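Peer 1: Here the sequence shown is numbered in the working numbering, starting from 1 and rising by one per residue.
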Amino acid sequence: MAYTLYPWQNECIETWLENRGRGIVRVVTGAGKTILALHAALRLQKTLDENLHIVVVVPKKFLLNQWKNAILSELPIRREEIGLVGGGFQNRHAYKVMLYVVNSARSRLSLPLYRHLMADKPVFLIADECHHYTSAENRKIFAFLDSLPTEKKHNYYCLGLSATPKVEPLRNYMGPLIYSYSFTEAIAHKVINRVAIFNVGLRLDPDQAGEYETLSLKIFKAMRIFLRQNPTFTRLGKAEFYATLQTLANRDDPLAKRLANLLLRRRHLINTAYQRIDAAFDLIALLPKTSRILVFTERIDQSEHLYERLKEEYPSQAALYHSELTSDENTLALRRYKSGEARILVSCKALDEGLDVPSTDVGIVLSTTGEQRQRIQRLGRILRKSRHKTVASMYYLMIEHTVEDPTLLEEAIETIAEFHLSYDRGTFHHPFYDEVAMSYLDRLHSRNAASPAAYRLIDLGRIRPDWIGDPETLQHLSEKASTPFLASYYSVMRSLSLLRRGGDTR
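1. According to DSSP, is Arg194 part of a helix, a strand, or is it coil?
2. Specify whether the stretch 155 to 171 and the stretch 115 to 131 touch according to this definition: at least 3 beta carbon pairs, one from each stretch, less than 8 angstroms apart.
3. Hey, Val346 and Tyr396: beta-carbon distance below 8 angstroms or not?
4. Could you tell me the alpha carbon to alpha carbon distance between Val97 and Gly88, rounded to whole angstroms?
5. Please check the pair Arg343 and Gln317, which I expect to be a contact at CB under 8 angstroms, by giving their CB distance rounded to whole angstroms.
6. My guess is that Leu262 and Ile219 are in contact by the Cβ rule of under 8 angstroms, so how many angstroms apart are they, rounded?
7. If you follow the alpha helix (DSSP H) that Phe226 is part of, which residue opens it and which one closes it?
8. What are the boundary residues of the beta strand (DSSP E) that includes Phe296?
9. Would you mind stating whether Ala196 and Ser393 have Cβ atoms separated by less than 8 angstroms?
10. Could you name the residues of the same chain whose beta carbon sits closer than 8 angstroms to that of Leu48, not counting the 5 residues immediately before and after it, in chain order?
11. Can you tell which of Gly21, Tyr95, His154 has the C-alpha that lies nearest to the C-alpha of Leu84?
12. Would a C-beta distance cut-off of 8 angstroms place Val28 and Ala280 closer than the cut-off?
13. In the DSSP assignment, find the alpha helix (DSSP H) that holds Cys12 and state where it starts and stops.
14. Can you give me the C-alpha to C-alpha distance between Pro7 and Ser359, rounded to a whole angstrom?
15. Output the residue ranges of the beta strand (DSSP E) runs that lie fully inside the stretch 260 to 330 and measure 3 residues or longer, sorted by chain position.
16. If you draw a straight line from the C-alpha of Lys221 to the C-alpha of Leu259, how long is it?
17. Looking only at C-alpha atoms, which of Thr134, Phe296, Lys152 sits nearest to Ile376?
18. Rounding to the nearest angstrom, what Cα-Cα distance links Ser110 and Leu486 in this structure?
19. Identify whether Ser347 lies in helix, strand or coil by the three-state DSSP scheme.
20. Pick out the complete alpha helix (DSSP H) segments inside the stretch 425 to 481, 4 residues or longer, and give them in chain order.
21. Report yes or no: do three or more beta-carbon pairs, one from the stretch 400 to 409 and one from the stretch 458 to 472, lie closer than 8 angstroms?
22. In whole angstroms, give me the CA-to-CA distance for Asp120 and His53.
23. Tell me whether the beta-carbon of Tyr157 lies closer than 8 angstroms to the beta-carbon of Phe124.
24. Determine the direct distance from the alpha carbon of Leu36 to that of Asp205, and round the result to whole angstroms.
25. Span of the alpha helix (DSSP H) holding Ile382?
26. On the criterion of 16 or more Cβ atoms from any shown chain inside 10 Å, does His189 qualify as buried, or is it exposed?
27. Give the DSSP-derived three-state secondary structure of Ala188 in the structure shown.
28. Can you give me the Cβ contacts of Asn19 inside the same chain, cut-off strictly under 6 angstroms, excluding the 5 residues immediately before and after it?
29. Quick check on this structure: which residue in Lys349, Ile382, Cys348, Val357 has the alpha carbon closest to the alpha carbon of Gly363?
30. Which residues mark the beginning and the end of the alpha helix (DSSP H) in which Ile71 is found?
31. Taking its Cβ as the centre, do 16 or more other Cβ atoms sit within 10 Å of Asp361, making it buried, or is it exposed?
32. Alpha carbon to alpha carbon, how far is Leu498 from Ser439? Give it in angstroms, no decimals.
33. Measure the alpha-carbon distance for Lys241 versus Leu145 and round it to whole angstroms.
34. Over the uninterrupted beta strand (DSSP E) stretch that includes His53, give me the two end residues.
35. Who are the near neighbours of Arg378 in its chain, counting only those whose CB is closer than 7 angstroms to its CB and skipping five residues on each side?
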């Protein structure tokens, strides 16, 4: 076992054991949930007379191998003692450790667990990304508990893992929320990387803006009529409102159908705006060529369009992953990205959770849903600790002056630097940065030291987090830079950092 636990992990395991080895934990992505679960298994095994049977349920196929590799690294388990079910694997439930994809676990997991527990054999069920298992269909993985006699449940141990758990639907199967570990704590304890969030506002062109205003006016009128006839909808939250509206529309309610259609057309206009792809493409061109970049999209056609542009601009450096590609194509894309052969991975929804590539230092949210859960999961993809990165960057592209959320996160997080930029026809604007940069350039002009190179370095820094770094660190990076260009860049960023802090730039 090569891993030394963080204090929070030891504390969490103690809390879990005190709760009789049951419960759900809310832990920020990248802080070490997988390691936590495996070391909980080790601690639990020491208290038992019999061998512990470990079962892990994951939401997606590619997580099987990540868990398998972690188990081989952290537990005294041999490769031949691990069975896999789902995603093309069909091992019998006859191994010391069983890994299931949830789609297969629904119908195949409950009976063998029932038999183990009826035979008084201890079972440890780990539910990875457990917020996925709250639906009636996915809760079938816990069906064995409904028929298991109370006296046989003492050997049932479980741990639910998620950065964004839904506790109540799982309480009867996994226990209560027993521990939380937040972004703020993890960054303060240096468990995950520091991160800067760039909220980038995009502008619709006149034709798009006209269509948006026309749709919005129609929505306003349709909404007024609909609410007059359905006043109970005024008491619903946003998510429940849209879900209930869609249910009515599916039942051919004419008012609901018209309103739902108008809302869908407006959302489609916002999500498919060409400015998103233009901004992402121009953004990647300004980032360091060593950056490891994950791009998140909501639409497959959008991901393919961006991928084609990147593939042409950066031959062999981009990869594509989405649900309509074959399993082999997706496996190859992940392998190329993890190995470093490809430095840009464009994905459509499928990689919102679970991908473990600590070297990823840039995330670009090309388009997103309104779900805060999805946004937090995406942010977590770039927070994993790596000795090769200091500050990770997340870029959230949104259309200004529309119903789209203007910021990635609903609430500010004290330890996360958050900035607001805009993009229009190939140019990024960053008011806070530009104010500091102009002060620096004024000083250069006063000494007749301004040059085109200085302006170029300023342009690069506008969409990067380096200028908020520690001046001493930036000085060190400048001195150790591999090229004169990099040395000059970090020197300029150091000057901006000092100006931001009110110091002398010399």
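Where is the CB? At the ideal position from N, CA and C, for every residue including glycine. Given the structure is predicted, the values throughout are model-derived calculations rather than measurements.
Peer 2: Answer, in terms of the structure:
1. Taking the first residue of the sequence shown as 1, we reach residue 194 at position 194. DSSP places Arg194 in strand when its eight states are reduced to three.
2. yes
3. For the purposes of this step, residue 346 is identified with residue 346 of the sequence shown, where counting begins at 1. For the purposes of this step, residue 396 is identified with residue 396 of the sequence shown, where counting begins at 1. Not closer than 8 angstroms, so no.
4. Looking up residue 97 in the sequence shown gives position 97. Looking up residue 88 in the sequence shown gives position 88. Cα to Cα, the separation comes out at about 18 angstroms.
5. Here residue 343 refers to the residue found at position 343 when the sequence shown is read from its first residue. Here residue 317 refers to the residue found at position 317 when the sequence shown is read from its first residue. Indeed, because the Cβ distance is near 5 angstroms, the residues count as touching under 8 angstroms.
6. Taking the first residue of the sequence shown as 1, we reach residue 262 at position 262. Taking the first residue of the sequence shown as 1, we reach residue 219 at position 219. 5 angstroms between Cβ atoms; contact.
7. Here residue 226 refers to the residue found at position 226 of the sequence shown. Phe226 -> alpha helix (DSSP H) spans 206 to 229.
8. Position 296 of the sequence shown, counted from the first residue, corresponds to residue 296. That run of the beta strand (DSSP E) goes 293 to 297.
9. In the sequence shown, residue 196 corresponds to position 196, counting from 1. In the sequence shown, residue 393 corresponds to position 393, counting from 1. Cβ atoms of Ala196 and Ser393: closer than 8 angstroms.
10. Within the sequence shown, residue 48 is the residue found at index 48, counting from 1. If we look at Leu48 and ignore the five residues flanking it on each side, its Cβ neighbours are Pro122.
11. The residue you call residue 84 lines up with position 84 of the sequence shown. The shortest C-alpha separation from Leu84 is found at Tyr95.
12. Stepping through the sequence shown from its first residue, residue 28 is reached at position 28. Stepping through the sequence shown from its first residue, residue 280 is reached at position 280. Contact: no.
13. Position 12 of the sequence shown holds residue 12. Bounds of the alpha helix (DSSP H) holding Cys12 are 7 to 18.
14. By 1-based counting over the sequence shown, the position of residue 7 is 7. By 1-based counting over the sequence shown, the position of residue 359 is 359. A direct Cα-Cα distance of roughly 24 angstroms separates Pro7 from Ser359.
15. Listed in chain order, the complete beta strand (DSSP E) runs (minimum 3 residues) inside the stretch 260 to 330 are 293 to 297, 318 to 321.
16. Start at 1 with the first residue of the sequence shown, and residue 221 comes out as number 221. Start at 1 with the first residue of the sequence shown, and residue 259 comes out as number 259. Cα to Cα, the separation comes out at about 9 angstroms.
17. Translated into the one-based positions of the sequence shown, residue 376 becomes position 376. Comparing Cα positions, the closest option is Phe296.
18. Here residue 110 is taken as the residue at index 110 of the sequence shown, counted from 1. Here residue 486 is taken as the residue at index 486 of the sequence shown, counted from 1. Whole-angstrom Cα-Cα distance: 58 angstroms.
19. Numbered from 1 along the sequence shown, position 347 holds the residue referred to as residue 347. Strand.
20. 431 to 446, 452 to 461, 471 to 480
21. no
22. By one-based count along the sequence shown, residue 120 stands at place 120. By one-based count along the sequence shown, residue 53 stands at place 53. Near 11 angstroms, if we compare the C-alpha coordinates of His53 and Asp120.
23. For this step, residue 157 is matched to residue 157 along the sequence shown. For this step, residue 124 is matched to residue 124 along the sequence shown. In contact: Tyr157 and Phe124 (Cβ atoms closer than 8 angstroms).
24. On the sequence shown, position 205 is the one that residue 205 refers to. On the sequence shown, position 36 is the one that residue 36 refers to. In a straight line, the C-alpha of Asp205 is about 49 angstroms away from that of Leu36.
25. As a first step, residue 382 must be located in the sequence shown, where it is residue number 382. Where Ile382 is concerned, there is no enclosing alpha helix (DSSP H), given that its DSSP letter is neither H nor E.
26. Here residue 189 refers to the residue found at position 189 when the sequence shown is read from its first residue. It counts as exposed.
27. Start at 1 with the first residue of the sequence shown, and residue 188 comes out as number 188. Helix.
28. The residue you call residue 19 lines up with position 19 of the sequence shown. Closer than 6 angstroms at the Cβ level, and outside the excluded window around Asn19, lie Ile178.
29. For the purposes of this step, residue 363 is identified with residue 363 of the sequence shown, where counting begins at 1. The shortest Cα separation from Gly363 among Lys349, Ile382, Cys348, Val357 belongs to Ile382.
30. Here residue 71 corresponds to residue number 71 of the sequence shown, with the count starting at 1. Residues 62 to 74.
31. Position 361 of the sequence shown, counting from 1, holds the residue named residue 361. Result: buried.
32. Within the sequence shown, numbered from 1, the residue matching residue 439 stands at position 439. Within the sequence shown, numbered from 1, the residue matching residue 498 stands at position 498. Taking the straight line joining both Cα atoms gives about 11 angstroms.
33. Stepping through the sequence shown from its first residue, residue 241 is reached at position 241. Stepping through the sequence shown from its first residue, residue 145 is reached at position 145. It should be noted that the sequence gives Phe, not Lys, for residue 241. Using only the alpha carbons, I get a separation of about 34 angstroms.
34. On the sequence shown, residue 53 is found 53 positions in, with the first residue counted as 1. 53 to 58 is the extent of the beta strand (DSSP E) around His53.
35. Taking the first residue of the sequence shown as 1, we reach residue 378 at position 378. Within the same chain, Cβ atoms closer than 7 angstroms to the Cβ of Arg378 are found at Phe296, Asp352, Gly363, Val365, the five residues on either side in sequence being excluded.
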